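Report on the following structure.
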Amino acid sequence: QVQLVESGGGLVQAGGSLRLSCAASGSIFSINIMGWYRQAPGKQRELVAAITRGGSTVYADSVKGRFTISRDNAKNTVWLQMNSLKPEDTAVYYCYIEKDWGSRYWGQGTQVTVSS
Numbered sequence: 044q045v046q047l048v049e050s051g052g053g054l055v056q057a058g059g060s061l062r063l064s065c066a067a068s069g070s071i072f073s074i075n076i077m078g079w080y081r082q083a084p085g086k087q088r089e090l091v092a093a094i095t096r097g098g099s100t101v102y103a104d105s106v107k108g109r110f111t112i113s114r115d116n117a118k119n120t121v122w123l124q125m126n127s128l129k130p131e132d133t134a135v136y137y138c139y140i141e142k143d144w145g146s147r148y149w150g151q152g153t154q155v156t157v158s159s
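Here our numbering runs 43 ahead of the position in the sequence shown, where the first position is 1.
Below is the structure:
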């Protein structure tokens, strides 16, 4: 099993910044992708950003230029630096990892609230 522990969510004013962290433990071998999804009230969960073991990244169009994903393979940790936050970024953010064979594991979620 894999355990994912997230931290860094909270309340911030529009234009502010937050940094989310997610540390993986347990069966942490063969982790290929680490990333973040988010889910706002009444909306589907959507991919925010993801990063492969080799450092390739993908971002949702809505966060490009504002969010940066990074990871430390040795520490099995992924971060999401969120700048220029907007009220529409308000959501529960979920960390996930995907192993080489496609199995996914999820964190418990952390609330991000951006006030206008």
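By construction, the Cβ of each residue, glycine as well, lies at the ideal position given by its N, Cα and C atoms. Fair warning: this is a prediction, and the values are worked out from it, not measured in the lab.
In this structure, the alpha-carbon of Thr133 lies about 22 Å from that of Ile94. Segment contact: the stretch 45-55 against the stretch 92-108, fewer than three CB-CB distances shorter than 8 Å; contact not assigned.
For Ser113, the CB contacts under 6 Å within the same chain, skipping 5 residues up- and downstream, are Trp122 in chain order. Note on geometry: alpha-carbon atoms of Ser159 and Ala117 lie some 38 Å from one another. Beta-bridge pairing by DSSP links Gln87 to no other residue. Straight across, the Cα-Cα distance linking Gly150 with Leu90 is about 14 Å.
If you compare the alpha carbons of Gln124, Pro130 and Leu63 with that of Gln56, the shortest gap goes to Pro130. An exposed status is given to Phe72, since fewer than 16 other beta-carbon atoms sit within 10 Å of its beta-carbon.
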